[in-house]
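Undergrad:
Residue numbers (mature numbering (1 follows the signal peptide of the UniProt record, and there is no 0)): -18 to -1, 1 to 190.
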């Protein structure tokens, strides 16, 4: 083989190798692009699910007598959470109601009642709607959510409450069966330790 033929052979080999590297690089780029696209699709799906949960959150303004009618008409056990955005323990425990609804929503009716309205004419109930709705959406609370148009002091008096959070549990016939309040013998109750076990025991006994 003369020098010219040798140089030609070397040149061809280099071109072939360069082409292989280009194909490998292209394959790697395609793989990275596909992975990025899959991650983006997954993120989009997650965002859509979160948006759907938020869209399902609704807040209704109603006075306490109307809420009592809702409780009586439920036709199944009802868990009512009395809370306020001004009450840190209320907001800390609130997700327990959401989890209870997610776990047993077919068998029980979960109702949240926000008592932010304090009866001042210059701050009507709807004044509080945005803040209450924002919190409910952050919790993905697809329960029945009410903002009470009855002043908080009247709620306290009617329900004989000294403080909140408070959780009332009603039987299917509308009768009150249990009160959990953040005072007295029930001080410091939690959904995990107190409310959920009570509800699940009640459901188990009804199924016998």
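Glycine included, each C-beta is placed from N, C-alpha and C at the ideal position.
1. Quick check: the stretch 53 to 64 against the stretch 100 to 109, are at least 3 beta-carbon pairs closer than 8 Å?
2. Less than 8 Å separating the beta-carbons of residue 114 and residue 151?
3. With residue 160 as the anchor, note down where its beta strand (DSSP E) starts and where it stops.
4. Taking Cβ to Cβ, would you say residue 164 is nearer than 8 Å to residue 154?
5. Give the C-beta separation of residue 125 and residue 93 to the nearest angstrom, bearing in mind that I take them to be a contact with Cβ-Cβ under 8 Å.
6. Can you tell which of 47, 176, 89 has its C-alpha closest to the C-alpha of residue 136?
7. Would you kindly check if the distance between the Cβ of residue 76 and the Cβ of residue 63 is under 8 Å?
8. Could you check whether residue 39 and residue 118 sit closer than 8 Å to each other, using their CB atoms as the reference points?
9. Can you tell me whether residue 43 is helix, strand or coil according to DSSP?
TA: Based on what the coordinates show:
1. no
2. Within the chain shown, the letter at position 132 stands for residue 114. Within the chain shown, the letter at position 169 stands for residue 151. No, these two residues do not count as a Cβ contact at 8 Å.
3. Stepping through the chain shown from its first residue, residue 160 is reached at position 178. Where residue 160 is concerned, the enclosing beta strand (DSSP E) stretches over 158 to 163.
4. Within the chain shown, the letter at position 182 stands for residue 164. Within the chain shown, the letter at position 172 stands for residue 154. No; because the gap between Cβ atoms is not below 8 Å, this pair is not in contact.
5. Position 143 of the chain shown, counted from the start, is the residue given in the question as residue 125. Position 111 of the chain shown, counted from the start, is the residue given in the question as residue 93. Right, their Cβ atoms sit about 6 Å apart.
6. Counting from one through the chain shown, the residue named residue 136 turns up at place 154. Looking at the Cα atoms, 47 is the closest of the given residues.
7. Locating residue 63 in the chain shown gives position 81, where the first residue counts as 1. Locating residue 76 in the chain shown gives position 94, where the first residue counts as 1. Yes.
8. Looking up residue 118 in the chain shown gives position 136. Looking up residue 39 in the chain shown gives position 57. The answer is yes: Cβ separation under 8 Å.
9. Translated into positions along the chain shown, residue 43 becomes position 61. It is a strand residue.
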